[in-house]
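**Q**
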Amino acid sequence: DYPEHLDGEFPGDYGFDIAGLGRDPVAFANYFNFEILHCRWAMLGALGVVVPELLDLFGIVHFVEPVWWKVGYAKLQGDTLDYLGIPGLRIAGGQGIIVIAICQALLMVGPEYARYCGIEALEPLGIYLPGDLNYPGGALFDPLGLSKDPVAFEELKVKEIKNGRLAMVAWLGFYVQAAVTGKGPVQNLIEHLSDPLHNNILSSFL
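Per UniProt numbering, the sequence shown runs over residues 1 to 206.
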């Protein structure tokens with residue numbers, strides 16, 4: 001039965017709450033904020049895992065290190081990382097690990113702090129957004145105008161949260177594959193498709 005404390009207000013609410021985390025409406029709203037945030041980071045991160053490895057494996061672009069979990073180690077070894085494999089396009093890739101960490105903090109903490117303060121915090125900068133915390137809208141966050149149709153927009157919200165949840169689960173798979181096989185997910189997939197009988201989750205432990 002659908003729990004009484006869930007009313008389907010939030011996208012992706014299917015009544016699954018065995019731990020009762022949604023009984024407190026304020027806490028539940030915060031949980032949703034955190035979930036949608038991590039969903040978006042997971043989807044962006046998954047692209048960053050898969051795309052470089054694909055481009056390198058098919059010879060489209062050559063990277064110093066295309067496998068996601070080896071990039072940090074390559075940088076610690078002193079390798080210079082060119083973005084998209086383009087020589088000289090380094091931004092912070094030619095700097096030390098401390099500079100990269102500072103750039104990462106500024107790029108992530110800055111927007112997240114503004115998000116935490118609310119979209120009203122951007123108004124002194126001349127940025128006015130019509131939406132809310134999770135869906136600010138406007139030309140800056142919705143340049144394609146996908147939110148103009150309210151019915152379609154609600155469907156897109158559900159699709160986003162569903163794909164975001166898949167991306168978070170995918171990250172668990174990325175970590176396990178890296179620990180067990182020492183390879184990237186694309187290479188693992190290619191090897192599995194070429195020989196499913198000998199390249200699978202069971203064979204890795206036999």
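For every residue, glycine included, the Cβ atom is placed at its ideal position computed from N, Cα and C.
1. Are there 16 or more other CB atoms within 10 angstroms of the CB of C117, so buried, or fewer, so exposed?
2. The alpha helix (DSSP H) that contains G145, what's its start and end?
3. If you pair each beta-carbon of the region 138-146 with each one of the region 10-17, do three or more pairs fall below 8 Å?
4. Measure from the C-beta of A101 to each C-beta in chain B and report whether the shortest distance is under 8 Å.
5. Applying the criterion that 16 or more other CB atoms from any shown protein chain within 10 Å of the CB defines a buried residue, is V49 buried or exposed?
6. Quick check: what's the CA-CA separation for E160 versus N134?
7. Give the DSSP-derived three-state secondary structure of V67 in the structure shown.
8. Can you tell me whether M43 is buried or exposed? The criterion is at least 16 other CB atoms within 10 Å of its CB, across all chains shown.
9. Tell me whether residue 245 is buried or exposed, calling it buried when 16 or more other Cβ atoms sit within 10 Å of its Cβ.
10. Could you check where the alpha helix (DSSP H) with P150 kicks off and where it finishes?
11. Under a three-way DSSP split, which group does G28 fall into?
12. Is the region 48-63 touching the region 183-192, taking contact as three or more C-beta pairs under 8 Å?
13. Quick one: using the 10 Å Cβ neighbour count with 16 as the cut-off for buried, is G22 buried or exposed?
14. State the Cα-Cα distance for the pair L57 and P66, rounded to the nearest angstrom.
**A** In short:
1. Working through the sequence shown from its first residue, we reach residue 117 at position 117. Looking at its Cβ environment, which holds fewer than 16 other Cβ atoms inside 10 Å, C117 is exposed.
2. Locating residue 145 in the sequence shown gives position 145, where the first residue counts as 1. Per DSSP, G145 lies in no alpha helix (DSSP H) and is assigned neither H nor E.
3. The region 138-146 is not in contact with the region 10-17.
4. The structure shown contains no chain B; it holds only a single protein chain.
5. Translated into the one-based positions of the sequence shown, residue 49 becomes position 49. By the neighbour-count criterion, in which 16 or more other beta carbons inside 10 Å mark a residue as buried, V49 falls on the buried side.
6. Mapped onto the sequence shown, residue 160 falls at position 160. Mapped onto the sequence shown, residue 134 falls at position 134. For E160 and N134, the distance between alpha carbons rounds to 12 Å.
7. Reading the sequence shown from its first residue, position 67 is the one you call residue 67. Here V67 sits in coil by DSSP.
8. Taking the first residue of the sequence shown as 1, we reach residue 43 at position 43. Label assigned to M43: buried.
9. Outside the modelled stretch of the chain, which goes from 1 to 206, sits residue 245, for which no answer is possible.
10. Locating residue 150 in the sequence shown gives position 150, counting from the first residue. P150 to T181 is the extent of the alpha helix (DSSP H) around P150.
11. As a working note, residue 28 is residue 28 in the sequence shown. The amino acid occupying residue 28 in the given sequence is Phe; Gly does not appear at that position. Helix.
12. In short, these stretches touch, since the Cβ pair count reaches three.
13. Position 22 of the sequence shown, counted from the start, is the residue given in the question as residue 22. In this structure G22 is buried. Its beta-carbon is surrounded by 16 or more other beta-carbon atoms within 10 angstroms.
14. The residue given as residue 57 occupies position 57 in the sequence shown. The residue given as residue 66 occupies position 66 in the sequence shown. So the two alpha carbons sit approximately 9 Å from each other.
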